[in-house]
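Per the numbering used here, residue 570 is the first one in the sequence shown, and the count goes up by one each step.
Cβ coordinates follow ideal geometry from the N, Cα and C atoms, glycine included.
Small disclaimer: the values here were computed from a predicted structure and weren't measured.
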Amino acid sequence: GRVQHLGRLFLHGSAHAAEKRLESILVTREKGRYGRMKREAFFDRDASHYYCEDGKAVGAYCREHFPEDVAQTLAVADGVCRKYFLFNSKWDLEQTDEPVQFDGAIDWTYMPADDPEFVWQFNRHRFFMTLGQAYQMTGDEKYARAFMEIAEDWIDHVPLNEKYAAGPWRSLDTGFRGEYWSKAIWLFHDSPTLTEAFLQKYYDSMILQAEHIMECHSAYRYMSNWGVIENHGLFEIGVCLPQSEKTKQFIAFAVKNLEVQVRMQIMPDGVHWEQSPMYHNEVLHCLLDVILLAKRNDIALPDVILRQTEKMAMADVAWLKPDHHIVMMGDSDDVDVRDRISVAAYLFLNPVLRFGGFDRLDYESIWDLGMKAGEEYAGMERREPDFTSLFLEHSGNTYFRSDWSERANFLHLHSGTMGAGHGHSDKLHIDLVVNGEDVLMDGGRYTYVSGPKRFSYKDPSGHNTITVDDLPFTVCKDSWECSKLSQPVKENFRCMELAEFAQAGQLGYMDLPGGVYVNRKVVYIKPDLYVLADEMYTGDRHTYQQYFHFNNHGTVTQNAPGEKKFPCVAYRGKMAEADFYFVSAQVKAELKSGHIARHYNVEEENTVCKVTKQGEGFTSLITVIDAQPGRPLSIEKLPVRSALKQTDYPETMAEALKITAGEKEYVVILCHQEVNSPTDLVEVDGCMGYGNVIVFDKAGDVLVGDVLNW
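See the structure below:
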């Protein structure tokens, strides 16, 4: 395998790299690297420099506080001992729901169905860490034997050559192995089962994998999460192995690349550019590991790595739903990310991150940080963020939040870039949480296999957004590339005492006849009313579609014609209730079946509301969402007048709503273009002001109002 790899380097013009690699092999052979590895030479430092210095105490802690996690760990570890593999751990990026069992030899290239993700996930070997945790909790040497035998089987039967280059030896998965193998070996550091012959073989393989990561480096790695994951694995290997000039090279190479990667990949608002919260958190995890190991081994890191990592954790706090899960934006699953935030809180001594994290260190984090860290974390200050709503202007994500409780109302509007392969066609998409429960949701990702199913999750119709003529504004070419993209238009955000506001647009339909500019305004009347105003600017005739994808854990019903003044759809869940009123004229609302995938490979059915309207020239679609439908509610559409001329503006210029919710009465003015010329005010039902979007509480100020957009 090594000879074939060297040959490929020569054939592809990398003669210098091949020469250096050959020199490395010869030098290390001369030094006796392939001779017998002494245990004391391998574990040449106390475990406090790495992981699991107090595994028995951590195991006792986990049995006390996380019995379900312990049971799952032991079940998975026992399965691995039988060569039974099921990838359903929280951070398995591509989970499986069908187990695979090998009766004889393991086939490391086995691929069920047509999804190569299984091959890559399988060859990451996250289950080695699970075996190590089971060993520390039980002391049963069967887990050490399984680790040694399976790792040795992989080393012996999966050489680095052309046959395995795109499968088990894909560079990304080699990076994952850098972490998982490194953590596993230290979980077994006190096992007598691990022979010195195995430690030698393990050492040689780790060196080979580290060098493979270095040789695969390219400009692509600067911008992709692959680069962070690979260099994180390289850093882990460099710290984990017995220290030498070579491991110092691994560490230096990784740090140099990670510095560039965090500067290039992380936006100033802390969001990873790929616009996928799940991959954002995978990158965050890698950086947190690097920072932890650097602190434990007195390795200096560039300050920018520390700054950007803390920003990433703060972005996590901003976009947390009330149930502490991330929105399923882009290629993301439904995951609680407090473990990532908790580790960041501990490393940065940040009380706001501590507020966003767990009350105590969680199951996975305590294995990495140890008992002393757990005690320090428990005593840390917690401080509620000084914001509820927030606009992350660089990534284009707005979050409206009523408060920081688990029963809060929460709305997310996305107006940023697509984020390449892991991003979806979700410009102007909204997520809505009411009383702590999802109401409107992103459908997730389900699969990476190119085809209609993948596209149905990525396309605009799979999101809570607007389309024109039933056409996508972004066109998928395959699972990762697009043949057409859409430029986002990130606009303003404003928070006031009565209401909050955001708006954004996108240029994906400018190639249609007459061109169509789509703009979405969101008015949040605190704490439980939302007004969506979708504006389509064009000189031609088109048909417009709004999509609302509902949480499948509740029921969705539609009112009968004539039952209410406006077409209405109602969501009723365990904790949440929300009514959607479509107040624009000549709209058609229909319920249809859709799909949602909270986890990779697991699909469920949900309900989608599709609202359709035809229009020539400027057209608007206005929706009122009542997040407390138990109270009396009435909605009136009123004309907007010129206060001086006392003439009504056409609806193509301005529209207004009077909303009576219980004892509250509001007037909302929405101007679709400039109306005040030369010197004038807009007037609706006795309320007068100047601005593009104004909200009045009629029990208070009927002059001026809350001007949300000028």
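**Item:** Which of helix, strand or coil DSSP assigns to Glu814
**Value:** Judged by DSSP in its simplified three-state form, Glu814 adopts helix.
**Prompt:** Alpha carbon to alpha carbon, how far is Ser958 from Tyr1113?
**Reply:** Rounded to whole angstroms, Ser958 to Tyr1113 spans 30 Å at the Cα level.
**Message:** When you compare the CB positions of Val649 and Ala715, do they come within less than 8 Å of one another, or not?
**Reply:** Yes, the pair counts as a contact, with Cβ atoms nearer than the cut-off.
**Asked** How would you write the range of the alpha helix (DSSP H) that Ser774 sits in, first residue to last?
**Response** Glu765 to Glu784 is the span of the alpha helix (DSSP H), which, as asked, contains Ser774.
**Request:** Identify whether Phe1280 lies in helix, strand or coil by the three-state DSSP scheme.
**Result:** In the structure displayed, the chain extends from 570 to 1279; residue 1280 sits before or after that span and is not available.
**Message:** Let me make sure I understand the geometry here. Which of Val829, Asp867 and Met881 has the alpha-carbon closest to that of Glu851?
**Reply:** If we check each option's Cα against that of Glu851, Met881 comes out closest.
**Whole-Å CB distance - His758 paired with Ala616, under 8 Å assumed** = Their Cβ separation, rounded to whole angstroms, is 6 Å, which keeps His758 and Ala616 in contact under 8 Å.
**Item:** Reference Leu1067; option with closest CA among Glu879, Phe1151 and Val1273
**Value:** That would be Val1273, whose Cα lies nearest to the Cα of Leu1067.
**Request:** Using DSSP bridges, identify the partner residues of Met836.
**Result:** DSSP output for Met836 lists no bridge partner at all.
**Prompt:** For Ala720, does the three-state DSSP call read helix, strand or coil?
**Reply:** DSSP, read as helix, strand or coil, puts Ala720 in helix.
**Proximity of Ile1204 and Ala1223 at Cβ, strictly below 8 Å** = Result no, Cβ atoms of Ile1204 and Ala1223 do not sit closer than 8 Å.
**Boundaries of the beta strand (DSSP E) in which Thr642 is found, first to last residue** = Thr642 -> not in any beta strand (DSSP E); alpha helix (DSSP H) instead, spanning Pro636 to Cys650.
**Asked** Which ranges does the beta strand (DSSP E) cover as unbroken runs of at least 3 residues, wholly within the region 1044-1084, from first to last along the chain?
**Response** Entirely contained in the region 1044-1084, the beta strand (DSSP E) runs reaching 3 residues are, in chain order, 1051-1053, 1057-1064 and 1068-1078.
**Asked** Does the Cβ-Cβ distance between Gly1163 and His1122 come in under 8 Å?
**Response** No, the pair does not count as a contact, with Cβ atoms beyond the cut-off.
**Asked** How should Thr1016 be labelled, buried or exposed, when 16 other C-beta atoms within 10 angstroms of its C-beta is the threshold for buried?
**Response** Thr1016 is classed as buried because its beta carbon has at least 16 other beta carbons within 10 Å across all chains shown.
**Item:** Backbone secondary structure at Asp1148 - three-state DSSP
**Value:** Strand, per DSSP.
**Asked** Given a threshold of 16 other Cβ atoms within 10 Å of its Cβ, counted over all protein chains shown, does Arg970 qualify as buried or as exposed?
**Response** With 16 or more other Cβ atoms from the protein chains shown falling within 10 Å of its own Cβ, Arg970 counts as buried.
**Request:** Count the other C-beta atoms from every protein chain shown that fall within 10 angstroms of the C-beta of Lys941, then say buried if there are 16 or more, exposed otherwise.
**Result:** By the neighbour-count criterion, in which a residue is buried when 16 or more other Cβ atoms sit within 10 angstroms of its Cβ, Lys941 is exposed.
**Prompt:** From Gly839 to Leu875, what distance separates their C-alpha atoms?
**Reply:** Spanning the alpha carbons of Gly839 and Leu875 requires a straight line of approximately 12 Å.
**Prompt:** What three-state label does DSSP hand Lys996 in the structure shown?
**Reply:** Lys996: coil per DSSP, three-state reduction.
**Prompt:** For the putative contact between Asp742 and Trp689, defined by C-beta atoms under 8 Å, what is the C-beta separation to the nearest angstrom?
**Reply:** Confirmed, about 5 Å.
**Request:** Counting only the same chain and skipping the five closest in sequence on each side, list residues whose C-beta sits under 7 Å from that of Ser845.
**Result:** The residues are Met898, Gly899, Asp900, Ser901, Gly988, His991 and Gly992.
**Message:** If distances are taken between C-alpha atoms only, which option among His849, Ala779 and Asp725 comes closest to Phe822?
**Reply:** The shortest Cα separation from Phe822 among His849, Ala779 and Asp725 belongs to Ala779.
**Request:** Determine the DSSP secondary structure at Lys1090, reduced to helix, strand or coil.
**Result:** Of the three classes helix, strand and coil, the one that applies to Lys1090 here is strand, per DSSP.
**Asked** Could you give the distance in angstroms between the alpha-carbon of Gln1155 and the alpha-carbon of Met1105?
**Response** Approximately 16 Å between the Cα atoms of the pair.
**Prompt:** Residues in its own chain within less than 6 Å of Gln1127 by CB, not counting five upstream and five downstream?
**Reply:** Its chain contains Val1138 and Leu1160 as the residues whose beta carbon lies nearer than 6 Å to that of Gln1127, once the 5 sequence neighbours on both sides are disregarded; these appear in chain order.
**Item:** Proximity to Val873 [Cα-Cα], best of Val1008, Phe696, Val829 and Ala884
**Value:** Considering only Val1008, Phe696, Val829 and Ala884, the residue with the shortest C-alpha distance to Val873 is Val829.
**Asked** Do we get a CB-CB distance below 8 Å when we pair Gly985 with the residues of chain C?
**Response** Among the protein chains of the structure shown there is no chain C, as only one such chain exists.
**Prompt:** Just reading off the alpha helix (DSSP H) that Met883 is part of, what are its end residues?
**Reply:** In this chain, the alpha helix (DSSP H) harbouring Met883 covers Asp872 to Trp888.
**Prompt:** Excluding the five sequence neighbours on either side, which residues of its own chain have a C-beta within less than 8 Å of the C-beta of Gly1005, listed in chain order?
**Reply:** Within the same chain, Gly1005 has close Cβ partners Pro891, Asp892, Ser974, Glu975, Arg976, Ala977, Met1144 and Ala1145.
**Message:** Mapping the DSSP letters down to three states, classify Tyr1113 as helix, strand or coil.
**Reply:** Tyr1113: strand per DSSP, three-state reduction.
**Message:** Please return the same chain residues whose Cβ sits closer than 6 Å to the Cβ of Leu982, not counting the five positions on each side in sequence.
**Reply:** Around Leu982: Thr967, Ile999, Ala1071 and Val1091.
**Asked** How many whole angstroms separate the CB atoms of His786 and Asn826, which I take to be in contact at a CB cut-off of 8 Å?
**Response** Correct: roughly 7 Å between the Cβ atoms.
**Request:** For Gln830, name the three-state secondary structure that DSSP assigns.
**Result:** In the structure shown, Gln830 sits in a helix (DSSP, three-state: H, G or I).
**Request:** Would you mind sorting Asn997 into buried or exposed? The rule is 16 or more other CB atoms within 10 Å of its CB.
**Result:** Per the sequence shown, the amino acid found at residue 997 is Leu instead of Asn. When all chains shown are included, Leu997 counts as buried.
**Asked** Given a threshold of 16 other Cβ atoms within 10 Å of its Cβ, counted over all protein chains shown, does Gln1242 qualify as buried or as exposed?
**Response** Exposed, since its Cβ has fewer than 16 Cβ neighbours within 10 Å.
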